[in-house]
Amino acid sequence: MTTYTYGNKEQPSDALLLLVNKQQLQQLKQGAPIVGTALDQHILSMFENEQFSAKANQVAVIATLGLINERYLLLAAYSEEDGADGLRELFAAIAKQVKSLRLASLSLSLNNAELETSLSTQGVHHSVQAMIEGLQLALYERTVMKKEDQKFYNLQALNFVLNDSQLANVAMYEAAVNEAEHMVQSVKLARDLTNMSGNDLTPERLTFYAEQLADELELDIEVLDEWTLAEENMGALLGVGQGSVNPPRMIVIHYEGDPSSDEKWGLVGKGITFDTGGISLKPAANMEEMISDMGGAAAVLGALRAIASMKLAVNVVVVIPTAENMPSDRALKPGDVITTMSGYTVEIVNTDAEGRLVLADGMTTAIKRGATKLVDVATLTGAVLVALGTEATGAITNDEQLMQQVIAASTRSGERVWQFPAYDEYKKLIRSDVADLKNSGGRHGGTITGGLFVGHFAQGKPWVHLDIAGTAFLSNSRKWETKGATGVMVRTLYQLISEND
Ligand code: BES
Ligand code: MN
Ligand code: ZN
């Protein structure tokens, strides 16, 4: 963890971080100082020789050789037009330098008249929150399982250098940092869970982590084991789980932040701890990435952590149907017909379309526990990767107003969400001759039919489906997202629920 301090003098630090724009560099030519030492000459020559032109996300590292107290000066290119998104991205670029220099401490100077005006027009809280989120999320390191102990990098101290008027408002800076740190810890929780291998994270182990979180947050948790699932007629979750020696679980966590309200958010996360495809076995190539098939569950747990630790005045029920999708002599087979908790029956045509099955019982469970509006989050379809690549989460809804709230929240978080149409005609693709529904509509409109299958269990309540199959797990890092699990949608869900309480 990082300790944050706020003062009007530079604390002794390993490096000083200054945000500069093109205009300041031009004014430097006319003699307006940036650092106020001989370093300014160096900065000017870097600018004139196009080594530092202040283009987007550029960060220059300058050794200060005793000219100032800090051993390094980091110059980062700031441009007001890029807003909070730009700051989050810039601070992710700064994080790369901070980490490669293995800095223990950093002074961030916001004590500059022009920057001060610019940040206050943008909103100081949002700006500072974006800076800390970008920096800390990009510093995340995946836990590895090597023989030798892992040495995690940690930025021990971050010192804000503020002027007197900024210091008079220090509570605002502290609040922004506090909220950012809660977001960061919550996203990290989601990333850590999603990065865990399938042998470490079975449905029972995921349940253990959920219990641990509920315990920390002092929240009520229900865990439904396979016997209770049978009593509750959860044929879909049981069906998906029946092929594995690791039994399925339904996890339900309650957060009551506003007892006076009848409204309750239902957050339902797909918790397939490993997806082999079952009898409709997946090809071997990249199957190891299916450790991330509980990314939806991780996202709703992360969001819950953020909501509960920020003590939002809202009611939330988090529901996680969790199972391991395995082929075996007792696994579901194509042609099987199962009965979901809602009473609707489903013809299994592809055992690899298991996410929508467990979500069906998850949706019914959330409604039974009082959810009045629902958001499900799931690594549901490969088709969303075909449509959107890894650039956006796909969305489907039965309620335009709720959808617009989700999109507005995602604009704030910088996590892109793109809505697909949900025309009634698509529903024909998942009609079955022998049951109410079949679990796959084939290749055409795969993300849409997958989403609409889940929506069939919304009982007419406002509902949004978020397909994170393309965004939950990356093969390369980008911006503030590190390679592997991203924890995507944690911040968007938090934003959604905090803005619409
Ligand atoms: N977990 C997968 C979807 C997925 C694919 C997630 C790639 C992340 C990366 C899901 O359970 C699945 O297998 N979906 C099938 C559905 C099809 C059989 C209708 C798919 O997308 O092929
Ligand atoms: Mn599957
Ligand atoms: Zn899956």
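First residue of the sequence shown: 593, per the numbering used here; consecutive thereafter. Think of the CB as a built atom: it goes at the ideal place given N, C-alpha and C, for glycine as much as any other residue.
C-beta atoms of residue i and residue j nearer than 8 Å
i              : j                 : result
glycine 863    : leucine 781       : no
threonine 1039 : valine 976        : yes
leucine 610    : leucine 665       : yes
alanine 958    : valine 906        : no
histidine 718  : alanine 668       : no
valine 950     : valine 779        : no
leucine 605    : serine 757        : The amino acid at residue 605 is misidentified as leucine; the sequence shows serine. Their beta carbons are not under 8 Å apart, which means serine 605 does not touch serine 757 by this criterion.
alanine 749    : threonine 594     : yes
leucine 747    : phenylalanine 683 : no
asparagine 942 : aspartate 867     : no
tyrosine 670   : asparagine 751    : no
arginine 841   : threonine 937     : no
threonine 973  : alanine 1061      : yes
tyrosine 1044  : alanine 1014      : Here the sequence assigns leucine to residue 1044, which means tyrosine is not the residue at that position. Result yes, Cβ atoms of leucine 1044 and alanine 1014 sit closer than 8 Å.
leucine 659    : alanine 630       : yes
threonine 1041 : glycine 1033      : yes
leucine 809    : arginine 897      : yes
leucine 620    : leucine 636       : yes
leucine 805    : isoleucine 1089   : no
valine 967     : glycine 888       : no
methionine 737 : isoleucine 883    : no
leucine 679    : methionine 723    : yes
threonine 1074 : alanine 772       : no
serine 710     : glutamate 673     : no
Rounded C-alpha distance that separates residue i from residue j
i              : j              : result
glycine 1076   : aspartate 784  : 10 Å
alanine 890    : threonine 971  : 11 Å
isoleucine 940 : proline 795    : 22 Å
isoleucine 845 : leucine 1058   : 20 Å
glutamine 1011 : glycine 986    : 6 Å
lysine 965     : proline 1054   : 5 Å
aspartate 741  : threonine 735  : 10 Å
lysine 739     : leucine 1029   : 49 Å
glutamate 725  : glutamine 997  : 22 Å
glycine 715    : leucine 759    : 16 Å
glycine 981    : glutamate 803  : 34 Å
valine 627     : valine 690     : 20 Å
leucine 1066   : histidine 774  : 23 Å
lysine 1000    : proline 839    : Checking the sequence shown, residue 1000 turns out to be alanine, not lysine. When rounded, the distance between both Cα atoms is 38 Å.
asparagine 825 : valine 929     : 14 Å
glutamate 640  : glutamine 615  : 13 Å
serine 836     : histidine 1036 : 30 Å
alanine 687    : alanine 655    : 17 Å
alanine 984    : leucine 657    : 45 Å
valine 1056    : isoleucine 988 : 6 Å
proline 851    : arginine 797   : 31 Å
glutamate 642  : valine 1082    : 39 Å
alanine 763    : leucine 707    : 19 Å
glycine 927    : serine 872     : 12 Å
For residue j and residue i, believed in contact at Cβ under 8 Å, the rounded distance
i               : j              : result
alanine 685     : asparagine 649 : 4 Å
glutamine 721   : alanine 768    : 5 Å
asparagine 1094 : alanine 1050   : Look at the range of the chain in this structure, 593 to 1093, and you will see that residue 1094 is not part of it.
leucine 754     : asparagine 600 : 6 Å
aspartate 944   : glycine 869    : 4 Å
leucine 811     : alanine 900    : 6 Å
threonine 799   : isoleucine 843 : 6 Å
leucine 617     : alanine 652    : That pair is no contact at about 11 Å.
asparagine 1031 : arginine 948   : 6 Å
alanine 828     : valine 909     : Actually they do not touch by this definition, with Cβ atoms about 19 Å apart.
leucine 793     : threonine 865  : 5 Å
Beta-ladder partner(s) of residue i, from DSSP
i                  : result
alanine 911        : It is worth fixing the name first, because residue 911 is valine in this sequence and not alanine. Note: valine 911 sits in a beta bridge opposite Val844 and Val860.
serine 699         : Leu608 and Asn751
leucine 1030       : It is worth fixing the name first, because residue 1030 is lysine in this sequence and not leucine. The partner list for lysine 1030 (beta bridge, DSSP) reads Glu939.
glycine 1042       : None, per the DSSP bridge assignment.
arginine 1070      : Glu1073
glutamine 1011     : Ala987
tyrosine 664       : Ala607 and Ala655
phenylalanine 866  : Glu916
tryptophan 1055    : Leu966
tyrosine 596       : Leu750
phenylalanine 1065 : Ala1077
isoleucine 930     : Val938
Below-8 Å beta-carbon distance, residue i vs any chain D residue
i           : result
alanine 676 : Among the protein chains of the structure shown there is no chain D, as only one such chain exists.
Inset, instruction - Report yes or no: do the region 999-1014 and the region 1022-1034 share at least 3 C-beta pairs separated by less than 8 Å? - result: no
Inset, instruction - Could you say if the region 807-822 and the region 917-931 meet the contact criterion of at least three C-beta pairs nearer than 8 Å? - result: no
Legend entry - Touch test, the region 857-872 against the region 950-959, Cβ-Cβ under 8 Å, three pairs minimum: yes
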